[in-house]
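Engineer: Residue numbers (numbering that gives the first Met the number 0): 0 to 920. Before anything else, here's the structure in question.
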Amino acid sequence: MDKSFDPRAIEQDLYRKWEESGCFAVRDDGAPPYCILLPPPNVTGTLHMGHAFQHTLMDALIRHRRMRGDATLWQGGTDHAGIATQMVVERRLAAEGRTRHDLGREDFLKAVWEWKERSGGTISGQMRRLGNSIDWSRERFTMDAGLSNAVTEVFVRLHEEGLIYRGKRLVNWDPVLHTAVSDLEVLSEEEQGSLWHFRYPLADGSGHLVVATTRPETMLGDTAVAVHPQDERYQHLIGQQVELPLTGRSIPVIADDYVDPEFGTGCVKITPAHDFNDNAVGARHKLPLINIFTIDARLNDNAPEAYRGLDRFDARRQIVADLEALGLVDRIADHRLMVPRGDRSGAVIEPLLTDQWYVKVGPLAEPAIRAVEAGRIRFVPENWSKTYFEWMRNIEDWCISRQIWWGHRIPAWYDDEGNIYVGRSEAEVRERHGIWPQVVLRQDEDVLDTWFSSALWPFSTLGWPEETPELRRFYPTSVLVTGFDIIFFWVGWMIMMGLKFMDDVPFREIYITGLIRDAEGQKMSKSKGNVLDPIDLIDGITLDALLEKRTTGLMQPQMAKKIAKATRGQFPEGIPAFGTDALRFTLSAMATTGRDIKFDLGRIEGYRNFCNKLWNAARFVLMNVEGQDTGLGAELRLPTLADRWIMDRLRATAATVTAHYDAYRFDLAAQALYDFTWHDYCDWYLELTKPVLTGDADAAAKRATRHTLVQVLEALLRLLHPMMPFITEAIWNEVKGPAGVEARFLVERPWVEADVFPADPAAGQELEWVRGFITGLRRIRAEMDIAPGKPVPVLIQNWSAVDQSRYLEHRALLDFLAKPESVTWLNADEETPESALSLVGEMRLLIPLAGLIDKDAEIARLEKEIGKLDRNLEQSEARLGNENFVARAPAEVVTKERARGAEMRAARTDLNAQLERIRHL
């Protein structure tokens with residue numbers, strides 16, 4: 000092995016070998032199936048930290064279940080990302096001075112497909128860098144032939160059942176992209192604006208009402224003023240008319256519970272064609288809908304002639320000026336409000352009345368609600384089911400059409416009379432409806448929302464509508480790993496579509512992850528300049544390159560200086576290379592049950608040190624077993640206490656880690672592995688083997704120790720492998736020979752079953768005594784500033800026969816690691832000189848202080864230890880004084896706590912006496 004761990008030297012070569020060897024392919028035997036669907040990332044995009052987080056957890060699960068003998072399928076693939084991909088290609092055309100309309104639909108789609116072929120491999124390459132053990136031979140794309148066929152089939156069947164229809168309704172409209180967008184594609188953030196208060200004159204000339212609005216331009220589409228029915232200020236005006244300024248129209252005063260009488264003046268202008276809440280009020284009162292905007296948010300011919308053709312914000316300024324001239328502006332106040340913007344265009348989203356295709360949701364939602372209620376699908380953590388139910392029980396019909404060209408074109412055709420025909424193809428439509436060839440049919444120009452094809456992902460990727468072996472074997476899938484932010488959309492729609500077309504749920508469990516945020520808890524976004532690229536954490540990046548990445552292509556270029564300053568402050572030297580394993584272990588350790596996860600470089604630096612610790616431990620083992628007998632034959636092995644103890648600890652750790660995987664507690668599994676590796680194996684076991692390997696121990700003991708060294712290391716590498724695949728595979732390749740293992744790769748080795756290793760609790764108790772003896776003397780040396788290698792005389796007081804027996808049995812080990820100059824066993828009544836004290840249970844280790852100590856330092860040490868005991872004792876007594884604890888805790892827990900308290904009181908008495916003696920020196 001190389002002297003130091005260099006991730007760059009091993010990672011990509013190992014992955015290539017895994018992939019070429021078919022390590023990730025589905026087993027053909029009769030093993031139980033285990034399937035995870037990769038949430039399909041944007042085909043032309045790049046990985047972000049959210050991807051890295053979720054992919055790490057999915058890969059850990061897949062590798063873990065593969066090692067446990069399951070037939071695992073991690074079904075990978077990518078999404079065509081309609082709007083995002085079309086925008087990229089349109090920007091490239093714009094750089095050449097062309098638009099998609101210059102090319103026409105057919106040639107534009109050719110250009111998109113060409114772009115997809117050129118750039119589509121970027122994200123799959125990044126997934127390989129993360130170590131994703133996806134079965135790449137089964138990779139799918141939402142617009143490949145099979146999935147496109149599935150999309151058409153679902154659309155036609157739902158339409159035939161009356162569950163898809165075309166209607167004119169209000170949608171989120173992006174005036175730059177000229178398409179409807181989903182709620183998920185709208186980002187609402189607080190911005191500074193104004194609240195304008197306008198006077199609407201009463202038609203009878205008796206006065207006016209004051210209404211407040213944040214969007215003055217929409218007043219031209221007002222069709223009512225609403226007040227609360229119980230608001231005494233306005234009850235006498237309900238049913239009367241007010242003049243709508245600038246329009247020459249009068250509109251009614253209506254009463255509706257929607258109005259908050261405490262907000263503003265208690266009078267609300269109602270614009271049903273340009274506000275979702277107003278639209279609901281309008282429907283209740285049968286108000287007309289007046290659309291005043293074109294598709295690019297300019298004023299149309301329904302507006303007064305003076306404003307036609309104006310951009311909405313230019314119209315806003317003109318309308319306010321005209322109302323001021325008429326004396327109808329009551330006041331203007333500063334106001335912070337949530338402004339909805341398209342996540343791709345950055346444009347302010349406009350509620351707009353358009354003709355769109357919709358899915359009728361009610362009949363699909365009811366079975367999806369019942370499936371979760373009945374436990375057929377389990378959310379982890381369970382509390383997220385409440386979020387699911389809240390959304391599903393208030394769900395509205397789904398707008399599935401988009402006014403772009405890249406995507407699944409809607410399988411509907413129109414004749415010249417406006418009749419609509421839905422079918423799998425134009426030929427099918429003509430045959431089914433008896434339409435003659437000479438009748439011209441025109442296919443709908445719109446495409447389906449990208450989420451429509453994603454909703455079919457659990458079964459379309461497995462071959463539906465064909466009855467494939469994969470579909471029979473792996474549907475329903477095992478678990479979905481996803482973020483809480485798309486429970487409202489993708490998760491719900493997959494459940495609805497799975498139940499509808501497969502008559503079963505798409506997955507048995509849904510593991511909901513938190514959201515990765517920056518070190519300050521802010522959401523990572525390009526506009527904030529706080530995005531971390533996982534590949535930069537793996538490979539490292541210079542400050543200059545990081546600055547360029549964070550400040551290029553900003554929607555708000557004026558933010559560049561602020562972002563650059565913050566970046567220089569946070570990463571003055573850029574970002575060092577941490578390697579994939581350190582990143583993956585960090586993400587696993589951070590996978591708590593919380594909603595938000597702060598990513599701190601300090602954590603990944605710590606886990607890079609963990610990788611180095613593991614590497615160095617492996618080098619120590621290999622140096623000590625190379626060319627030596629590692630106990631693979633029939634020769635006698637005599638395990639030492641340390642050998643027995645580490646086997647017992649390995650058994651417990653394997654059981655703990657397995658249980659945490661089953662409960663999706665990656666954080667606890669990572670902690671258990673870290674503690675065993677760092678503290679038990681490296682800090683203690685390797686140290687405890689040195690006197691055996693280098694001393695006068697007999698051949699059977701040395702053989703047993705070498706055997707234990709490699710067997711425990713090999714098992715530990717298997718336990719760590721799902722979270723840290725590269726370093727464990729590289730070390731294992733060196734260890735497998737001395738461990739007597741015949742296999743191609745660690746990735747193909749079985750999981751560590753706890754019962755393979757012997758349980759030996761007695762070894763744990765005995766070794767705890769040995770560790771207490773060693774650490775006691777080491778602590779006194781450290782606190783008294785005595786050189787670690789300097790032998791010191793040790794007096795032992797309050798000892799038992801068991802203590803003396805343990806000392807004599809392990810004397811060689813204690814001499815080697817604790818380095819006592821001499822050991823004297825004192826009688827109970829024997830006087831002792833002033834000494835530094837350490838306790839091993841009730842036994843007292845004393846180091847005479849004469850000529851060894853700084854009196855003041857020893858007083859400070861004892862006072863500190865007494866203070867710690869006092870705090871722990873106070874906590875213990877509070878717990879025992881809690882009636883609920885005593886009544887509800889298991890009896891053995893209460894007994895143990897009482898014994899612990901008694902031990903602490905005795906220790907405190909001893910330490911206080913010691914303190915008094917030191918003070919009298």
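Don't be surprised by glycine CBs; every beta carbon is placed ideally from N, CA and C.
So which of W450, E425, V751, S452 has the shortest CA-CA distance to V439?
Structural biologist: The candidate whose alpha carbon is nearest that of V439 is E425.
Engineer: Taking the C-alpha atoms as reference points, what is the distance between P228 and K522?
Structural biologist: 42 angstroms
Engineer: Taking all protein chains shown into account, decide if M723 is buried (16 or more other Cβ within 10 angstroms of its Cβ) or exposed.
Structural biologist: buried
Engineer: Considering only their Cβ atoms, is the gap separating L718 from V656 smaller than 7 angstroms?
Structural biologist: yes
Engineer: Roughly how many whole angstroms lie between the Cα atoms of E304 and G204?
Structural biologist: Each residue's Cα considered, the two are about 26 angstroms apart.
Engineer: Return the first residue and the last residue of the beta strand (DSSP E) that C34 is part of.
Structural biologist: 32-36
Engineer: Hey, is the stretch 604-612 in contact with the stretch 696-716, meaning 3+ C-beta pairs nearer than 8 angstroms?
Structural biologist: no
Engineer: Applying the 10 Å Cβ sphere with the 16-neighbour rule, what's the burial state of S954?
Structural biologist: No answer is possible for residue 954: the residues shown for the chain start at 0 and end at 920.
Engineer: My output table needs one value for C925: the three-state DSSP class, helix, strand or coil.
Structural biologist: Given a span of 0 to 920 for the chain in the structure shown, any question on residue 925 remains unanswerable.
Engineer: How would you write the range of the beta strand (DSSP E) that L879 sits in, first residue to last?
Structural biologist: Segment 854-879 is the alpha helix (DSSP H) holding L879; no beta strand (DSSP E) there.
Engineer: How should A484 be labelled, buried or exposed, when 16 other C-beta atoms within 10 angstroms of its C-beta is the threshold for buried?
Structural biologist: Correcting the residue type first, residue 484 is Asp in the shown sequence and not Ala. Exposed, since its Cβ has fewer than 16 Cβ neighbours within 10 Å.
Engineer: With H, G and I counted as helix, E and B as strand and the rest as coil, what does DSSP make of A518?
Structural biologist: coil
Engineer: Per DSSP, which residues does C398 bridge with? Please list them.
Structural biologist: Y357
Engineer: Note down the Cα distance separating R770 from K863, rounded to an integer number of angstroms.
Structural biologist: K863 has its alpha-carbon roughly 22 angstroms from the corresponding atom of R770.
Engineer: Going by Cα to Cα distance, which pick from I540, I511, T550 is closest to S524?
Structural biologist: Selected option, being the one with the closest Cα: T550.
Engineer: Compute the Euclidean distance between the alpha carbons of L309 and R297, then round it to the nearest angstrom.
Structural biologist: Taking the straight line joining both Cα atoms gives about 5 angstroms.
Engineer: So, helix, strand or coil for Y14, using DSSP?
Structural biologist: helix
Engineer: If the criterion is Cβ atoms closer than 7 angstroms, does the pair G68 and A24 meet it?
Structural biologist: It is not a contact, given that the beta carbons lie outside the stated cut-off.
Engineer: Could you tell me if W921 is buried or exposed, where buried requires 16 or more neighbouring beta carbons within 10 angstroms of its beta carbon?
Structural biologist: As displayed, the chain neither begins before 0 nor continues past 920, which places residue 921 out of reach and without an answer.
Engineer: Considering only DSSP beta bridges, list what I509 is partnered with.
Structural biologist: F378, L479
Engineer: Using only alpha-carbon positions, find the residue among V504, G130, T541, R904 that is nearest to G374.
Structural biologist: V504
Engineer: Under a Cβ-count criterion, where at least 16 other Cβ atoms within 10 Å of its own Cβ denotes burial, should A337 be classed as buried or exposed?
Structural biologist: As written in the sequence, residue 337 is Met, which differs from the Ala given in the question. Exposed is the call here.
Engineer: Could you name the residues of the same chain whose beta carbon sits closer than 8 angstroms to that of K16, not counting the 5 residues immediately before and after it, in chain order?
Structural biologist: Correct list, in chain order: F744.
Engineer: Who pairs with A903 in a beta bridge, going by DSSP?
Structural biologist: In the sequence as displayed, the identity of residue 903 is Met instead of Ala. M903 is not bridged to any residue.
Engineer: So which of P571, A93, I9, R65 has the shortest CA-CA distance to E747?
Structural biologist: R65
Engineer: Which residues mark the beginning and the end of the beta strand (DSSP E) in which L838 is found?
Structural biologist: 834-839
Engineer: For E427, which three-state DSSP category applies?
Structural biologist: helix
Engineer: Report back the beta-carbon spacing between R664 and I596 to the nearest angstrom; my notes put them in contact at under 8 angstroms.
Structural biologist: Between I596 and R664 the Cβ distance is about 14 angstroms, and since that is not below 8 angstroms, they are no contact.
Engineer: Enumerate, from N- to C-terminal direction, the unbroken alpha helix (DSSP H) stretches of 4 or more residues contained entirely within the stretch 306-375.
Structural biologist: Along the length of the stretch 306-375, whole alpha helix (DSSP H) runs at least 4 residues long occupy 311-324, 361-372, reported in chain order.
Engineer: According to DSSP, is A800 helix, strand or coil?
Structural biologist: helix
Engineer: Determine the direct distance from the alpha carbon of S187 to that of A559, and round the result to whole angstroms.
Structural biologist: 22 angstroms
Engineer: Under the assumption that L351 contacts W172 (Cβ atoms under 8 angstroms), give the Cβ distance between them as a whole number of angstroms.
Structural biologist: 4 angstroms
Engineer: Is I289 helix, strand or coil by DSSP?
Structural biologist: coil
Engineer: Nearest to V360 by CA position, among C398, D221, Q442, T386, is which residue?
Structural biologist: C398
Engineer: What is the DSSP secondary structure of R248, reduced to helix, strand or coil?
Structural biologist: strand
Engineer: Buried or exposed for A959, going by 16 or more other Cβ atoms inside 10 Å?
Structural biologist: This structure gives no information on residue 959, because the portion of the chain shown stretches from 0 to 920.
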